[in-house]
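In our numbering, the protein residues as written are 2 to 88.
Inspection log for the structure reproduced underneath, given as structure tokens.
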Amino acid sequence: MSKTIVSVSKKKNSVWRVYYFDYDEDNLLKFYTKRINPLLVWFYRLKKQRLFSNTCDECLNEFKFYKTRFEKIPDRCMDCDPDLFKN
Ligand SMILES: [Zn+2]
């Protein structure tokens, strides 16, 4: 399972940090923050994801998901088509 990066930002003391969700040993989704090398900011920005929502074509429920700018918007929810959400 891959990390879901939601923010890349710089604080007053000019330390860059990345904020992300990831699964821990117990397979629970947790929120993390980590210091990063400023040279890698562009790399994390590319991988950054945003929360979107869409209506499932199959069950017509609204669902939410994270994706990067470059990924397609899934047209079915996680319950109807789990394969769409594998990274
Ligand atoms: Zn569905």
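The beta-carbon is built from N, C-alpha and C at its ideal position, and this holds for glycine as well.
Since we're looking at a predicted model, the values are computed, not measured.
For E72, the closest of L52, E63, K35 by C-alpha to C-alpha distance is L52. In the pairwise beta carbon analysis, the region 5–19 is classified as touching the region 43–57: at least three pairs are separated by under 8 Å. Comparing C-alpha distances from K65 to each of D80, S54, D27, I74 shows the shortest one belongs to S54. Distances taken from the Cβ of D80 to the heavy atoms of ligand 1 include one shorter than 7 Å.
Under the DSSP assignment, K35 falls in the beta strand (DSSP E) whose first and last residues are 30–36. Taking a contact as a CB-CB distance under 8 Å, the pair T34 and Q50 does not count as one, their CB atoms being some 15 Å apart.
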